[in-house]
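Scroll down for the structure; my scribbles are underneath it.
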Amino acid sequence: MASLNMVQTIARTLDEEMTRDERVVIMGEDVGKRGGVFLATENLFDKYGPDRVIDSPLSEAAIIGAAVGMAVHGLRPVAEIQFADYVYPGFDQLVSQAAKLRYRSGAQFSAPMVVRMPTGGGVKGGHHHSQNPETHFVHTPGLKVVYPSTPYDSKGLLKTAIRDEDPVVFMEPKRLYRAFKEEVPEEDYTIPLGEAVIRREGSDLVMISYGGTMTETLKAADALKEQGISAEVIDLRSLLPWDEQRVLESVARKGRVVLISEAPRTANFISEVAATISEEILDTLEAPPMRVTGFDTPYPYAQDREYLPGVNRILKAVQQVIDY
Amino acid sequence: MTTAEKTLNAQEHALHLLQQMLRIRRFEEKCAELYQATKIRGFLHLYIGEEAVATGVMEALQPDDAVVATYREHGHALLRGVSAEAIMAEMYGKQEGCSRGRGGSMHLFDKASRFYGGNAIVGGGLPLAVGLALADKLRGLKRVTACFFGEGAVAEGEFHESMNLAALWNLPVLFCCENTLYAMGTALARSESETNLTIKAASYEMPAWSVDGMDVLAVEEAAARAVAAIRAGGGPYFLEFRTYRFRAHSMFDPELYRSKEEVASWKERDPIELFSENLRGRGLLSDEDLVRLEQFAAEEVARAVDFAEAGSLEPLEELSRFVYSD
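Order-wise, the sequence lines are chains A and B. Every position in the first sequence, counted from 1, becomes a number in our numbering once 58 is added. Every position in the second sequence, counted from 1, becomes a number in our numbering once 1422 is added.
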């Protein structure tokens, strides 16, 4: 077992999958000789050559669209969009083509492919290097959306995504790429999509998050513990599908829930979770589901940590659901 | 081969080409009629006037090749080998249709004939074609992908990204630009700073030339030449077919953007009339031949309508199927 950070884990996982299945092909901007802007594809070009690690021009629509065609013709493309913010020029190919191919063709064709994208803020990236576009994709039937928060999960989920028969948007919280290491088993393992995990057991309330904000959520849980408040923490890990059963069971038992996501507030994916809780188990709630999110502004540069749902904002929301 | 045999073969092939164009024309005319009768709903785009393009290009393709088309793709699907029944049923929205009735006129698919779809997003199919061809190349297959699009698509970024990738990676794609002079209601000169489309292709180092899209033999010859070169590893080719749609863009189009005189002058070069006259002049087409060809087309259309009429709607509870793999 090796101690690895998330980006090292992703590079190793891609390597393992390319060895396991020769249909797996990587394509994207700077993924080859450069090894990826974050080095998520480091050394793969040397190992597998230019036919399997394909440096593409800055053409997001063609990268995603070509991946659809490659998938239809029997390959397993893993496309990298260099920053999630760059996916918008390729939005049509992802949303109108990849997502709908199976349905549109009456199940004659499908696009088993992965689109990886370093996502989220906290790296002083400013407006075009910090965004969280997951809401667009969870709003697109036909796509699956995954958003791990740990090295261990990134391996198991990426393997599942590559082996999945449907197009998967794989969002990687880039501020966690090198934030910490953990033991990552060398053997092959997968984690099913749509299966949340409980990161902290607790009895007083439930905190639900995913991706980059898991760090702040866990810190908030630690701070609460010192105050004598026991918070369960759920990491959703995948957003489409998401683990409705696990969430509803936990929230129904505790009666209080805070939901945390760094994407802008309006129509944030986490609002869907809150709405489901309200519809399904309202009578078990002691307080309204409370959201802690990014703001309805473009992503600011200098004050980007303030944009994120930090520990203080999470604690404030927890206090509100406890005092309600 | 004796001269008599050559003449016979030539005649057989010529009549086949005429037959193919007539099949499209009669099918499309029936679609227009069925639209008025509200059997076909939504948005309907007819290929009348452009038949020579699909006919000539399809002749150059092998069964193993792939075809990517647009929202004006009934003719392409029909000639590629999708049955008229399955196409018509699709337009009726019946589950017996080639896309289970979920897509309608603009979303015809057929795995068996390697028909990778209509596409209602202009330019949306080009990256797909590039990917199909890239996969073929990486897997060492000598297959060609023919990608049809209108001249309106050249204004889309996806066109330029796809042209560049195909040329850069020497991919086996035949780009078939059906230049009808109008992107819906906007003339080419009003949407492009450079109206010579082959220059755009040439700027990507791609062999490109213009073809009389009303002359089925010219189309066939150009496509055969390009496909042979592509299959031999010569990379992508771009053919601009100069053609014209005789009907409105869709069924809701008062055609304020072009004159009746212009439409009339193009109709004088009707690809079916032109070719028929050519054949008659050479003694290769008799009245009896034409009756036979027309009868074949009429029977095919009649069978298609019967099949579509007899079809059924997909049960509502099944509409959630195939969003994802089961």
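Don't be surprised by glycine CBs; every beta carbon is placed ideally from N, CA and C. Keep in mind it's a predicted model, so treat the numbers as computed, not measured.
Taking residue i as part of the beta strand (DSSP E), name the residues at either end of that continuous run.
i: Asn1601(B); result: 1595-1601
i: Ile84(A); result: 82-86
i: Phe177(A); result: For the record, residue 177(A) in the displayed sequence is Thr; it is not Phe. 172-177 is the extent of the beta strand (DSSP E) around Thr177(A).
i: Asp293(A); result: 289-293
i: Ser267(A); result: 263-267
i: Lys202(A); result: 202-204
Taking the C-alpha atoms as reference points, what is the distance between residue i and residue j?
i: Lys105(A); j: Ile68(A); result: 16 Å
i: Leu1483(B); j: Val1566(B); result: 8 Å
i: Ser267(A); j: Ala279(A); result: 12 Å
i: Val66(A); j: Ala1511(B); result: With the sequence shown as reference, residue 66(A) is identified as Gln, and Val is not the correct amino acid for it. Cα-Cα distance, rounded: 52 Å.
i: Phe167(A); j: Arg295(A); result: 28 Å
i: Pro1658(B); j: Lys158(A); result: 27 Å
i: Trp300(A); j: Leu251(A); result: 8 Å
i: Lys202(A); j: Phe1744(B); result: 13 Å
i: Leu276(A); j: Glu290(A); result: 10 Å
i: Glu75(A); j: Lys217(A); result: 7 Å
i: Pro1676(B); j: Met1606(B); result: 11 Å
i: Glu284(A); j: Glu100(A); result: 42 Å
i: Tyr359(A); j: Leu366(A); result: 12 Å
i: Ile1806(B); j: Ala1730(B); result: Chain B is shown from 1423 up to 1748; residue 1806(B) falls before or after that span and cannot be answered.
i: Ala333(A); j: Leu340(A); result: 10 Å
i: Glu1407(B); j: Lys1533(B); result: As shown, chain B starts at 1423 and ends at 1748. That puts residue 1407(B) outside it, with no answer to give.
i: His197(A); j: Tyr144(A); result: 18 Å
i: Ser207(A); j: Ala98(A); result: 16 Å
i: Ile1446(B); j: Gly1515(B); result: 20 Å
i: Lys232(A); j: Arg1667(B); result: 51 Å
i: Tyr1493(B); j: Ala1542(B); result: 5 Å
Could you round the C-beta distance between residue i and residue j to whole angstroms and report it? I think they count as a contact, below 8 Å.
i: Ala156(A); j: Val181(A); result: Going by Cβ atoms, the distance from Ala156(A) to Val181(A) rounds to 28 Å, so no, they are not a contact pair.
i: His1496(B); j: Glu1450(B); result: 6 Å
i: Gln140(A); j: Gly123(A); result: About 17 Å separates the two Cβ atoms, so there is no contact after all.
i: Arg1524(B); j: Gly164(A); result: 6 Å
i: Tyr1538(B); j: Met1585(B); result: Tyr1538(B) to Met1585(B), Cβ: 18 Å. No contact.
i: Lys1461(B); j: Val1723(B); result: Not confirmed; about 13 Å, so no contact.
i: Glu1699(B); j: Ala119(A); result: Not confirmed; about 44 Å, so no contact.
Does residue i come out as helix, strand or coil in the three-state DSSP assignment?
i: Lys1452(B); result: helix
i: Glu138(A); result: strand
i: Tyr1604(B); result: strand
i: Met348(A); result: strand
i: Ala1630(B); result: strand
i: Arg1647(B); result: helix
i: Arg1664(B); result: strand
i: Ile121(A); result: helix
i: Val1745(B); result: coil
i: Asp73(A); result: helix
i: Ile1462(B); result: coil
Determine which residues share a DSSP beta bridge with residue i and list them.
i: Glu1684(B); result: Paired residue(s): none; Glu1684(B) is not in a bridge.
i: Tyr1659(B); result: Leu1596(B)
i: Gly1635(B); result: Partner(s): none; Gly1635(B) has no beta bridge.
i: Cys1569(B); result: Val1490(B), Phe1597(B)
i: Glu230(A); result: Pro176(A)
i: Leu62(A); result: Glu240(A)
i: Ile256(A); result: Ile292(A)
i: Val316(A); result: Met265(A), Met348(A)
i: Leu298(A); result: Val203(A)
i: Phe1537(B); result: Val1489(B), Asp1532(B)
i: Ala1609(B); result: Tyr1604(B)
i: Arg92(A); result: DSSP lists no partner for Arg92(A).
Considering residue i, what are the terminal residues of the alpha helix (DSSP H) in which it resides?
i: Ala1542(B); result: Note, Ala1542(B): premise wrong, no alpha helix (DSSP H); not H, not E.
i: Leu1554(B); result: 1547-1560
i: Lys312(A); result: 302-312
i: Ile372(A); result: 369-381
i: Val196(A); result: 192-196
i: Ile112(A); result: Counting along the chain, Ile112(A) falls outside any alpha helix (DSSP H), though it belongs to the beta strand (DSSP E) covering 111-113.
i: Met1513(B); result: 1506-1514
i: Met272(A); result: 272-284
i: Lys158(A); result: Premise fails: Lys158(A) is in no alpha helix (DSSP H) and is neither H nor E.
i: Val1723(B); result: 1709-1732
i: Pro209(A); result: 209-221
i: Phe1674(B); result: It is not in any alpha helix (DSSP H) - Phe1674(B) carries neither H nor E in the DSSP assignment.
i: Ile339(A); result: 327-339
i: Phe18(A); result: With chain A covering 59 to 382 only, the question about residue 18(A) has no answer from this structure.
i: Asp104(A); result: 102-106
i: Ser1584(B); result: 1579-1590
May I ask you to check if the CB of residue i is nearer than 6 Å to at least one heavy atom of the ligand HEM?
i: Pro1737(B); result: No copy of the ligand HEM appears in this structure; indeed no ligand is present at all.
Counting only Cβ pairs nearer than 9 Å, list the residues of chain C close to residue i.
i: Gln285(A); result: This model lacks chain C altogether; the protein chains it does include are A and B.
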